[in-house]
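For the sequence shown, the positions run 13 to 374 when the numbering used here is used. This report concerns only the one structure given below.
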Amino acid sequence: MYNIYVESLYDAMSSFEDNFKKGPNPNFGSDVLSIPFGIPAGPLLNSEYCKWGFENGYDVCVYKTVRSSAHSCNSFPNVLSAHPANPQHLSLEEADQGVLADSNFPINLQEINISNSFGVPSQEPEFWIEDVKKALGYAKNNQTLILSFQGTGGCAVGEKLNSEEILLRDIKKTANLAAETGVKIFELNTSCPNEGKDSLLCFDLELVSKVVQVAKTELTSKIPDAKLFIKTAYFEDSNYLNDFVQATHNFVDGYSTINTISTKLVDKNGNNALDENRPTSGVCGAGIKWAGISQIQRLNVIREKQNLNFKLIGVGGVMSAKDFKEYREAGADIVMSATGAMFIPGLANQVRNFIQQESEFE
Ligand SMILES: Cc1cc2nc3c(=O)[nH]c(=O)nc-3n(C[C@H](O)[C@H](O)[C@H](O)COP(=O)(O)O)c2cc1C
């Protein structure tokens with residue numbers, strides 16, 4: 013018995029010149045099992061971070077949210093250690109009342125919760141288009157790069173446009189720029205402060221459905237098989253979640269959820285832990301897993317009951333292989349970890365080992 017094709021460093025079926033040009037087989041010597049686990053928008057700031065993610069076994073990496081023009085970051089500090097009473101459960105009530113935040117990170121890494129107060133900074137498109145192409149080059153054949161983008165408001169002097177027209181125009185422009193990178197899977201972030209009711213775009217149903225339509229139309233006009241995910245906040249109200257799906261599912265290929273939970277952060281004296289302009293910040297990590305799992309479970313029920321075929325990326329508080337399993341059982345097709353990937357060494361390998369063990373028992 014002979015193998016028709018074996019993985020090898022040098023491709024024996026191609027010429028020396030072709031091998032010289034294409035370089036070593038990126039799959040050879042690596043674990044070719046692709047796992048549905050990755051890092052969501054945020055921790056992978058540029059192509060070097062994406063390279064780190066791929067090399068460390070995160071098979072689905074999201075390039076941090078980009079915009080149509082350069083946008084600066086909120087002032088330092090951005091990442092504080094947050095201390096809900098129960099590190100494994102940050103309730104919405106506690107998030108409203110106030111949570112201590114400082115620079116004391118817990119020894120038990122499984123209990124980390126952090127603030128994420130960056131304000132969605134972005135480089136100029138001239139930079140990120142080339143850098144995303146580079147990041148794409150770091151993905152092995154069994155790995156996927158997703159590009160996250162969002163719209164930005166703001167009018168040129170003398171323009172007479174309302175905020176909706178401005179946002180839609182910018183979404184169109186950003187989607188066009190994103191299509192130049194060579195990426196085929198995109199994520200539209202609607203869950204960071206933006207134009208819309210209650211400051212988050214995902215809470216404005218009418219606008220969000222227009223935004224996804226414009227984004228998907230633009231992307232597919234350039235890349236016919238482009239896929240679009242939408243990143244959302246946690247929706248406590250299940251009726252709203254259902255309405256959200258009804259308003260968007262025709263234009264998206266899946267939902268990536270959840271983003272951080274907005275939390276009042278205080279120092280040990282009860283003052284704002286960040287600065288006077290930032291009484292609240294998104295909190296992520298172990299304490300928000302309950303919310304992410306709940307959202308994925310409810311989306312999965314909607315998907316099954318209504319026979320819809322969107323994909324689910326489960327995000328929020330994944331700190332271990334056990335958390336990965338919980339998300340998969342809740343209905344997630346892909347699971348991602350931001351805080352866990354940032355603080356827990358070897359998290360992707362833990363998940364990979366777990367998947368391998370499970371498959372041995374099947
Ligand atoms: C450092 C950092 C930066 C982030 N930046 C973004 C971003 O630019 N766009 C976005 O959609 N989400 C962003 N997020 C949110 C994450 O994608 C994720 O939804 C959230 O952190 C919950 O996951 P976790 O509990 O695993 O951290 C960021 C998170 C972190 C920790």
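For every residue, glycine included, the Cβ atom is placed at its ideal position computed from N, Cα and C. Quantities reported herein were computed from a predicted structural model and do not represent experimental measurements.
State the Cα-Cα distance for the pair residue i and residue j, rounded to the nearest angstrom.
i, j, result
"S87", "K33", "45 Å"
"L104", "N281", "22 Å"
"F49", "K222", "30 Å"
"S84", "F28", "48 Å"
"E338", "S332", "10 Å"
"F139", "T244", "27 Å"
"N15", "A344", "Only weak support is given to the placement of N15: the predicted model assigns it a pLDDT of 49, under 50, and the value that follows is read from those uncertain coordinates. Approximately 35 Å, taken between the alpha carbons."
"E288", "S127", "15 Å"
"Y150", "N284", "41 Å"
"F215", "P38", "43 Å"
"S80", "I178", "12 Å"
"A107", "S274", "7 Å"
"A191", "A97", "44 Å"
"K334", "A360", "12 Å"
"N262", "N31", "43 Å"
"I356", "L121", "6 Å"
"N312", "G35", "42 Å"
"L180", "E248", "27 Å"
"C62", "L320", "32 Å"
"L102", "E136", "36 Å"
"E383", "D255", "Because the chain spans 13 through 374 in this model, residue 383 falls outside it and cannot be assessed."
"T156", "I47", "11 Å"
"V226", "D279", "42 Å"
"F241", "D265", "6 Å"
"P55", "R364", "20 Å"
"V220", "L92", "31 Å"
"K239", "A94", "35 Å"
"T186", "N68", "30 Å"
"K152", "L45", "11 Å"
"N154", "L286", "41 Å"
Give me, in chain order, the residues of the same chain whose beta-carbon lies closer than 6 Å to that of residue i; leave out the 5 immediate sequence neighbours on both sides.
i, result
"S26", "none"
"S160", "A53, V74, T77, E199 and N201"
"R310", "S250 and L253"
"N90", "S129 and F130"
"A342", "I305, I308 and Q309"
"G194", "K145 and L148"
"Q162", "T77 and N201"
What three-state label does DSSP hand residue i in the structure shown?
i, result
"F88", "coil"
"M380", "Residue 380 lies beyond the range of the chain shown here (13 to 374); nothing can be said about it."
"C214", "helix"
"Y246", "coil"
"S80", "coil"
"D114", "strand"
"A94", "strand"
"N262", "coil"
"N31", "helix"
"Y267", "strand"
"I11", "No information on residue 11 is available, as it lies outside the stretch 13 to 374 that the chain covers here."
"F130", "coil"
"C62", "helix"
"L359", "helix"
"N174", "coil"
"S160", "strand"
"I305", "helix"
"G297", "strand"
"E75", "Per the sequence presented here, residue 75 reads as Tyr, with Glu not at that position. Strand."
"V226", "helix"
Using the Cβ count rule (16 or more neighbours within 10 Å means buried), how would you classify residue i?
i, result
"Q109", "exposed"
"T229", "exposed"
"D182", "buried"
"Y22", "exposed"
"S349", "buried"
"Q318", "exposed"
"A24", "exposed"
"E271", "According to the sequence displayed, residue 271 carries Asn and not Glu. Classification for N271: buried."
"N125", "buried"
"L277", "buried"
"L212", "buried"
"S371", "exposed"
"K358", "For the record, residue 358 in the displayed sequence is Gly; it is not Lys. Exposed is the call here."
"S203", "buried"
"L231", "buried"
"L324", "buried"
Less than 7 Å between C-beta atoms, sequence neighbours within five positions excluded: which residues of the same chain meet that for residue i?
i, result
"D237", "K196"
"L57", "K76"
"I51", "G65, Y70, C73, V74, M348, S349, A350 and A353"
"G299", "P96, P99, Q100, H101, L102, N125 and G329"
"A82", "S134, Q135 and E136"
Could one say the Cβ of residue i lies closer than 7 Å to chain C's Cβ atoms, at least one of them?
i, result
"A191", "Among the chains in the structure shown there is no chain C, since it carries only a single protein chain."
- Validate contact between the segment 194–204 and the segment 106–119 using beta carbons, cut 8 Å, 3 pairs: no
- Task: Kindly confirm or deny that the segment 325–342 and the segment 285–303 touch, where touching means at least three C-beta pairs closer than 8 Å.
- Result: yes
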